[in-house]
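Numbering (the UniProt record's numbering), first residue to last: 1 to 398.
Glycine residues also receive a C-beta, built at the ideal position from the N, C-alpha and C atoms.
The structure under discussion appears below in the form of structure tokens.
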């Protein structure tokens, strides 16, 4: 017989219905970045309405809308952190729902409003069922979409201040059916880095290139050469991506002008640290080599944004087993790692744990994330909340 403490989705249905209404409010008033005053206010008011008293705000710094709610059980145990990200994307919504975004080019297109709602459903359930071992730490984190909100909260002492032993989270997944979840042991998302190369030569007249040093030619060669990093420098047993997303030089009206500078910007994705190191080294070598060939200068800036998210295999195994008891083994799926970035990785660098994928797909919910038609499926809240609740209760007591 399993030692897991299991809470079924039907036991969280009423909590999920309350949370869904709160989600609609957050969805209608989306905010971007680290400072989300209206979202923060909505979350705090919801927590207080559930009876929560131990609420900390601005965890992460004075300009970071990080909210942490602590709920202590009546028996000793471990401390488990559950995290939900809360920020939106710069996108115009086209879903047609009654609670559509009320702000131009602001939209919850990645399900973060649903992540918040799911964690609020968990908190409400815990406040109504206070007999448990350990301590639950509910973490509402802003700035996942490129602002490293998790890092801000970790750097502000999240782990030490709240004595967290393990972290767990979920993410909306429109390729999985609603009512299912997906797990990935080990590396689940990639190192998400950006690079910039500036070639500086000598500008001149396009009809007399012999008197100039053309950075555009160097830029063109670099675009092609960068593609050899993966195809000719990396073992096929690994995987990575090097993509140029921006190439700028000259002016559209200056057809006879050889510009002084040319700029390339792009992203790289990798998993293993040694692959990440190799990619950064080769970008520098390629840029410097091409610049030397054409007698110009190259300046490379390589920025490591989000580290690869590593789901601790033992914690994935335990969480999978719990999820199988909550929703049935047939509804717990294998999920492939992705080359997307996820700043929950900063928390998992400090403590073990995992993030799992929460199914969204049904007849009304087919759009991918980061799409103008994406809308979190409220039917998934009870499923996600039940799995998170059961993981937390079991791991707190273990």
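DSSP, reduced to helix, strand and coil, places residue 309 within a strand of the structure shown. Between residue 145 and residue 82, the C-beta spacing is not below 8 Å. With a threshold of 16 other beta carbon atoms within 10 Å, residue 315 meets it and is buried. For residue 249, DSSP records a beta bridge to 262.
Excluding residues up to 5 positions away in sequence, 255, 256, 257, 258 lie with their Cβ nearer than 8 Å to the Cβ of residue 206 in the same chain. Ranked by how close their Cα comes to the Cα of residue 190, the residues 398, 226, 275 have 275 in first place.
Taking 8 Å as the cut-off, the Cβ atoms of residue 36 and residue 65 count as close.
Counting along the chain, no beta strand (DSSP E) covers residue 294; the unbroken alpha helix (DSSP H) around it starts and ends at 273-294. Restricted to the stretch 7-37, the alpha helix (DSSP H) segments that are unbroken, complete and at least 4 residues in length are 13-28, listed in chain order. Distance between residue 313 and residue 364, taken at the CA atoms: about 34 Å.
Here the stretch 161-177 does not lie against the stretch 263-281, with fewer than 3 beta-carbon pairs under 8 Å apart.
The beta-bridge partner set that DSSP reports for residue 81 consists of 137, 167. For residue 114, the secondary structure class from DSSP, reduced to helix, strand or coil, is helix. Here the stretch 72-86 makes contact with the stretch 132-150; the two share three or more CB pairs at distances below 8 Å. The shortest C-alpha to C-alpha distance from residue 136 to any of 147, 124, 142 is the one to 124. Within the DSSP secondary-structure output, residue 127 pairs in no beta bridge. With a contact defined as Cβ atoms closer than 8 Å, residue 351 and residue 159 qualify at about 6 Å. Per DSSP, reduced to three states, the secondary structure at residue 358 is strand.
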